[in-house]
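K.L.:
Provided herewith is a single structure, encoded as structure tokens, for subsequent inquiry.
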């Protein structure tokens, strides 16, 4: 199956398994006509659909992720789309949820504990700079912006609140901006920026990983690494790209498209508190921003170029 065929089938499967579309009257009947809005269906067995290699680098297959251990009739699906059953692989993912949150560091560096003073504890992802040469910490919306509920200027703690950080002693930055999470439509990133109170309190390089050598695209079957607040330095393999997944964000379910799926090379690649960590290839190119994990051990990341574009910054 070629890539175009795989993407076409994936789009059909997304509509079947991940979303339901309703017609909604505009403006309480003041305007005629209808608009179409997407709603996430939280209870379906399938909670993720991606594209992986199908045996060689010129052939692709559909990667179905399920939240329950159940039999999926891949033969029937394959017959419907006129493809081989081998072109569909089912992986038990378990429930996919945002990763919530261990010492204070000054200067702080990527991978250490960080979080909004009223929210979750996650990981310092990386440093970035805008056109005005202002410096920012990059992490997730659900780590720095408390799932859209924070206000610009709110205190960001290092370590995060789950690790004992306090507003009195541990404010390292203030929330500068974030990409709002849409719980009724499609999302591409879970991302936010915080501006350090004192630029000398942060470093761009992680001492166990080294400096980031620019950005790159995550490639299927390639090895990647991350350093996060909970599991430290881990190695994994990109299992799929272009994945559309349903993520339990705690308050509600959010739908994300074009995501990276990573499986740990030995054991779990990430755990609670690793959200916001930077995903790197083995040449230290940034490829993604980690934001979610499943109960079976899969990890999910936003492509880094989407993150940087949405935030309007360049990585340091």
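Residue numbers (my numbering): 1 to 316.
Every residue, glycine too, gets a C-beta built ideally from N, C-alpha and C.
Between which residues of its own chain and residue 180 is the CB-CB distance below 6 Å, once the five residues before and five after are set aside?
P.N.:
The sequence position of residue 180 within the chain shown is 180, counting from 1. Closer than 6 Å at Cβ, skipping near neighbours: 148.
K.L.:
Hey, out of 118, 277 and 213, whose CA is closest to residue 167's CA?
P.N.:
Indexing the chain shown from 1 puts residue 167 at position 167. Nearest C-alpha to residue 167: 118.
K.L.:
Can you find a C-beta in chain B that's less than 7 Å from the C-beta of residue 273?
P.N.:
As a matter of chain content, chain B is missing from the structure shown, which is built from one protein chain.
K.L.:
Ignoring anything shorter than 3 residues, give me the beta strand (DSSP E) runs that lie fully in the region 142 to 209, in order along the chain.
P.N.:
Runs found: 155 to 157, 171 to 178 and 192 to 196.
K.L.:
Cα separation between residue 285 and residue 247?
P.N.:
Your numbering for residue 285 matches position 285 in the chain shown. Your numbering for residue 247 matches position 247 in the chain shown. C-alpha separation (whole angstroms): 26 Å.
K.L.:
Which word fits residue 303, buried or exposed, when buried means at least 16 other C-beta atoms lie within 10 angstroms of its C-beta?
P.N.:
Mapped onto the chain shown, residue 303 falls at position 303. Under this definition residue 303 is a buried residue.
K.L.:
Would DSSP call residue 14 helix, strand or coil?
P.N.:
For this step, residue 14 is matched to residue 14 along the chain shown. In the structure shown, residue 14 sits in a helix (DSSP, three-state: H, G or I).
K.L.:
Taking 7 Å as the threshold (C-beta atoms), are residue 229 and residue 260 in contact?
P.N.:
Along the chain shown, read from residue 1 onward, the residue named residue 260 stands at position 260. Along the chain shown, read from residue 1 onward, the residue named residue 229 stands at position 229. Cβ atoms of residue 260 and residue 229: not closer than 7 Å.
K.L.:
If you measure between the beta carbons of residue 274 and residue 113, is that distance less than 7 Å?
P.N.:
To locate residue 274, count along the chain shown from 1; it is residue 274. To locate residue 113, count along the chain shown from 1; it is residue 113. Taking 7 Å as the Cβ cut-off, residue 274 and residue 113 do not qualify as a contacting pair.
K.L.:
Run through the region 44 to 87 for me and flag every whole alpha helix (DSSP H) of 4 or more residues, listed as ranges in chain order.
P.N.:
With a minimum length of 4 residues, the continuous alpha helix (DSSP H) runs that stay inside the region 44 to 87 are 74 to 81.
K.L.:
Could you give the distance in angstroms between the alpha-carbon of residue 307 and the alpha-carbon of residue 176?
P.N.:
The residue you call residue 307 lines up with position 307 of the chain shown. The residue you call residue 176 lines up with position 176 of the chain shown. Looking at the two C-alpha atoms, the distance is approximately 15 Å.
K.L.:
State the CB to CB distance for the pair residue 210 and residue 224, rounded to an integer number of angstroms; the pair is presumed to be in contact (CB under 8 Å).
P.N.:
As a working note, residue 210 is residue 210 in the chain shown. As a working note, residue 224 is residue 224 in the chain shown. 15 Å between Cβ atoms; not a contact.
K.L.:
Among the candidates 156, 164 and 215, whose CA atom is the shortest distance from the CA of residue 201?
P.N.:
For the purposes of this step, residue 201 is identified with residue 201 of the chain shown, where counting begins at 1. Among 156, 164 and 215, the Cα nearest to that of residue 201 is on 156.
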